[in-house]
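Participant: Reading the sequence shown from the start, the letters are residues 1 to 99 in my numbering. Backbone N, C-alpha and C fix where the C-beta goes; we use that ideal spot for every residue, glycine too. Take this structure, written in structure tokens, and hold onto it; I'll ask about it next.
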Amino acid sequence: MSEKIEKQKISLPCPKGCSRAIEISYYDICSRREAKCGRCGSKYKFGSSEASNLKSAMSYVQRLTDEIERKSKELERKIQDFQKANERLLKSPDIELKN
Ligand SMILES: [Zn+2]
């Protein structure tokens with residue numbers, strides 16, 4: 001299973017210009033709605049409607065991603081079934097010879 005989008009981190013430069021960047025997960029962006037520099041305490045504050053918009057877009061992408069992963073495993077199994085069925089079919093067919 002691939003990593004959940006909400007656990008992925010983005011890196012933002014400190015708004016005040018500290019050398020160390022702010023690393024924050026999408027989950028924390030959506031729930032805290034701020035990203036704070038660990039060094040100087042300066043922060044970005046995100047709008048609540050933008051954050052909730054990001055959250056719903058993220059959930060949607062995650063749902064589809066999960067569904068595609070499930071379907072892709074199912075497809076692998078079905079391709080194997082198909083190959084086995086094809087092998088069985090070709091294994092010992094009746095033969096009818098014509099003059
Ligand atoms: Zn800073």
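By how many angstroms is the C-alpha of D81 removed from the C-alpha of D66?
Facilitator: The alpha-carbon atoms of D66 and D81 are separated by roughly 23 Å.
Participant: Short check: CB of R33 to CB of S48, under 8 Å?
Facilitator: Taking 8 Å as the Cβ cut-off, R33 and S48 qualify as a contacting pair.
Participant: I24 and I10 look like a contact to me (Cβ under 8 Å); what is the Cβ gap, rounded to whole Å?
Facilitator: Going by Cβ atoms, the distance from I24 to I10 rounds to 6 Å, so yes, they are a contact pair.
Participant: Can you name the start and end residues of the alpha helix (DSSP H) that K45 belongs to?
Facilitator: Run containing K45: none in the alpha helix (DSSP H); it sits in the beta strand (DSSP E), 43-45.
Participant: Give the straight-line distance between the Cα atoms of I68 and K98, rounded to the nearest whole angstrom.
Facilitator: Rounded to whole angstroms, I68 to K98 spans 50 Å at the Cα level.
Participant: Flag S42 as yes when its Cβ comes closer than 7 Å to any non-hydrogen atom of ligand 1, and as no otherwise.
Facilitator: Yes; taking the cut-off as 7 Å, the Cβ of S42 has a heavy atom of ligand 1 nearer than that.
Participant: For A85, does the count of other Cβ atoms within 10 angstroms reach 16, so buried, or fall short, so exposed?
Facilitator: Exposed, by the Cβ-count rule.
Participant: May I ask whether a heavy atom of ligand 1 can be found less than 7 Å away from the beta carbon of C30?
Facilitator: Checking every heavy atom of ligand 1 against the Cβ of C30, none is found closer than 7 Å.
Participant: Starting from L12 and walking both ways along the beta strand (DSSP E), at which residues does that stretch end?
Facilitator: Unbroken beta strand (DSSP E) run through L12: 9-12.
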